[in-house]
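**Q** Residue numbers (this note's numbering): 16 to 366.
Backbone N, C-alpha and C fix where the C-beta goes; we use that ideal spot for every residue, glycine too.
1. Just to confirm my understanding: we take residue 146, look at its own chain, exclude 5 residues before and 5 after, and list those with CB closer than 8 Å. What are they?
2. Taking DSSP as the reference, what is the three-state secondary structure of residue 196?
3. At 4 residues or longer, and completely inside the segment 246–273: list those alpha helix (DSSP H) runs for me, N to C.
4. Would residue 177 pass as a contact of residue 283 if the rule is Cβ separation under 8 Å?
5. In the structure shown, what three-state DSSP assignment does residue 83 receive?
6. Run through DSSP, which three-state label would residue 316 get?
7. Between which two residues does the alpha helix (DSSP H) harbouring residue 172 extend?
8. May I ask you to report which of helix, strand or coil DSSP gives residue 300?
9. By the DSSP assignment, the alpha helix (DSSP H) with residue 220 in it spans what residues?
10. State the start and end residues of the unbroken alpha helix (DSSP H) segment that holds residue 106.
11. Please look up how many angstroms separate the CB atoms of residue 269 and residue 313, rounded, as I've assumed it's under 8 Å.
12. Please state whether DSSP places residue 237 in a helix, a strand or coil.
13. So, do the segment 184–194 and the segment 116–131 have three or more beta carbon pairs nearer to each other than 8 Å?
14. Would you report the Cα separation of residue 175 and residue 353, rounded to the nearest angstrom?
15. Using a Cβ-Cβ cut-off of 8 Å (strictly less than) and excluding sequence neighbours within five positions of residue 331, which residues of its own chain qualify?
16. Count the other C-beta atoms from every protein chain shown that fall within 10 angstroms of the C-beta of residue 259, then say buried if there are 16 or more, exposed otherwise.
17. Assuming residue 144 contacts residue 221 (C-beta within less than 8 Å), just tell me the rounded distance between them.
18. Spatial neighbours of residue 40 within its chain, please: CB distance less than 8 Å, with the 5 preceding and 5 following residues excluded, ordered by chain position.
19. Determine the contact status of residue 217 and residue 140, defining contact as a CB-CB distance below 8 Å.
20. Which class does residue 136 belong to by DSSP, given the choice of helix, strand or coil?
21. How is residue 307 classed by DSSP in three states: helix, strand or coil?
22. Counting C-beta neighbours from all protein chains within 10 Å, is the total for residue 309 16 or more, i.e. buried, or is it exposed?
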C-alpha cells in the first residue's frame with residue numbers, strides 16, 4: 016500500500032524544486048528559446064529567397080555560345096469570337112434579304128428573337144458593335160494597344176451593310192433594340208421637335224465616349240450599357256434601375272435608347288443616307304395618305320415629300336466626298352480643342 020504522507024511529500028518536493036530551477040536558470044533558458052526561434056526563421060526564410068542562389072549548371076565561358084531565348088507559346092484565340100463574327104455576317108445578310116427582297120415582318124421578328132437570344136443572353140452582350148467604337152478609338156490614339164481582328168470586324172460589318180442596304184443591323188440584329196421591341200405595347204407620339212432635341216444626347220454621348228477612350232480614361236459605353244445587366248443576370252443596383260427605366264419607358268415610347276442615346280446608331284444613321292438600296296414603305300407609288308407616318312412607333316418615317324430624284328444618290332456621294340475632304344480640318348480642330356482642355360480632361364483618368 017502507498018503511504019499517503021510519503022506520496023504527498025514527493026509531490027511537494029517536486030513542486031518545490033521546479034520553481035527553484037527556473038528561478039536559477041530562467042534567463043539562460045529564455046535566451047536559448049530566442050536563439051532557437053531565430054535559427055528556425057533563418058532556415059525557413061533563406062530557402063524562399065534567391066540571396067545565395069547559384070546556377071546549378073552555369074553557362075560555359077566562351078564567346079561562341081549564346082543562351083537561347085525563352086519561347087512562350089501564344090494563347091490560342093477563342094473560337095467563339097470568330098463564330099460570333101460568322102453569325103453576325105449571316106444575320107446581317109439575312110436581315111437585308113428579309114427587309115428589302117422578301118419584305119416580311121414575320122421573318123424580321125423571328126431574326127430579332129434569335130439575335131436577342133444569341134448576342135444578348137448567350138454571349139452576354141459582349142462584344143457588340145456599339146462598344147467596339149471605343150476599341151477602335153483606342154487603337155487609333157494609343158500605340159500600345161491594338162484591337163483584335165474580331166473586334167474590328169464587329170465594328171466594320173454593320174457599317175458596310177448600312178452603306179449598301181440601310182440600317183438592317185438596327186432592324187433585326189442588335190440585341191439592345193430587340194429587347195426594347197419586346198416590351199413595346201402602346202406607342203405614344205413624340206413631336207418631331209422633341210425627337211430632334213433628344214437625339215442630340217446621342218451625339219454628345221458619342222463624343223464623350225471617343226474622348227475618354229482616346230485618353231485611356233475608360234469605356235463608358237460598356238460601363239453604362241443599360242441592358243447588359245439583364246443579359247448577364249448580374250450587375251449593380253444602379254445599372255439595374257437604369258435598365259428598368261429604359262424598359263418601362265419603352266412600353267410607351269418605341270426604342271428610347273436606340274433613338275436618343277445610342278452612339279453607334281448615330282454613325283449608322285449618317286451612313287444610311289448614302290445607301291442606294293433601302294427599305295421603302297410600299298413598292299408602289301406613295302399616295303400621301305400619311306397612315307404609315309402616324310403608325311410608325313419609332314418616328315422614323317417623315318412626312319411625304321416630293322418624288323425622290325433619280326440621281327439623288329450621286330448628290331449624296333458628292334456630299335460624302337466633301338465631308339472626307341473636310342475631315343482633316345475637323346481632326347486638326349479637334350486636336351487643338353483637345354490640347355486646350357487636356358489639363359481638365361486628364362483629371363478624369365484614375366491613373
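**A** According to the structure data:
1. Here the question's residue 146 lines up with position 131 in the chain shown. By the criterion of a C-beta distance shorter than 8 Å, residue 146 is surrounded in its chain by 234, 236, 237 and 240, once the five residues flanking it on both sides are discounted.
2. Position 181 of the chain shown holds residue 196. Note: residue 196 maps to helix in three-state DSSP.
3. The qualifying runs are 252–265.
4. In the chain shown, counting from the first residue as 1, residue 177 sits at position 162. In the chain shown, counting from the first residue as 1, residue 283 sits at position 268. Contact flag set, yes.
5. Reading the chain shown from its first residue, position 68 is the one you call residue 83. Note: residue 83 maps to coil in three-state DSSP.
6. Translated into the one-based positions of the chain shown, residue 316 becomes position 301. In the structure shown, residue 316 adopts coil according to DSSP, grouped into three states.
7. To locate residue 172, count along the chain shown from 1; it is residue 157. Where residue 172 is concerned, the enclosing alpha helix (DSSP H) stretches over 164–180.
8. Stepping through the chain shown from its first residue, residue 300 is reached at position 285. Residue 300 falls in the coil class under three-state DSSP.
9. The residue labelled residue 220 in the question sits at position 205 within the chain shown. For residue 220, the enclosing alpha helix (DSSP H) has its first and last residue at 207–229.
10. As a first step, residue 106 is located in the chain shown; it is residue number 91 there, counting from the start. Per DSSP, residue 106 belongs to the alpha helix (DSSP H) from 94–111.
11. For the purposes of this step, residue 269 is taken as the residue at position 254 of the chain shown. For the purposes of this step, residue 313 is taken as the residue at position 298 of the chain shown. Indeed, because the Cβ distance is near 4 Å, the residues count as touching under 8 Å.
12. Here residue 237 corresponds to residue number 222 of the chain shown, with the count starting at 1. It is helical.
13. Touching, yes, given that three or more Cβ pairs across the two stretches are closer than 8 Å.
14. Here residue 175 refers to the residue found at position 160 of the chain shown. Here residue 353 refers to the residue found at position 338 of the chain shown. Cα to Cα, the separation comes out at about 30 Å.
15. Residue mapping note: residue 331 aligns to position 316 of the chain shown, counting from 1. The answer, listed in chain order, is 288 and 289.
16. Within the chain shown, residue 259 is the residue found at index 244, counting from 1. Counting Cβ neighbours within 10 Å, residue 259 comes out exposed, since fewer than 16 surround it.
17. By 1-based counting over the chain shown, the position of residue 144 is 129. By 1-based counting over the chain shown, the position of residue 221 is 206. That pair is no contact at about 13 Å.
18. Against the chain shown, residue 40 aligns to sequence position 25. Low confidence applies here, because residue 40 scores a pLDDT of 46, under 50, leaving its location unreliable; read the following figure in that light. Cβ contact annotation for residue 40 (same chain, cutoff 8 Å, sequence separation greater than five): none.
19. For the purposes of this step, residue 217 is taken as residue 202 along the chain shown, with counting starting at 1. For the purposes of this step, residue 140 is taken as residue 125 along the chain shown, with counting starting at 1. In this structure, residue 140 does not lie closer than 8 Å to residue 217 by Cβ.
20. On the chain shown, residue 136 is found 121 positions in, with the first residue counted as 1. The answer is helix: DSSP assigns residue 136 an H, G or I state.
21. Stepping through the chain shown from its first residue, residue 307 is reached at position 292. In the structure shown, residue 307 sits in a helix (DSSP, three-state: H, G or I).
22. Here residue 309 is taken as the residue at index 294 of the chain shown, counted from 1. With fewer than 16 other Cβ atoms within 10 Å, it is exposed.
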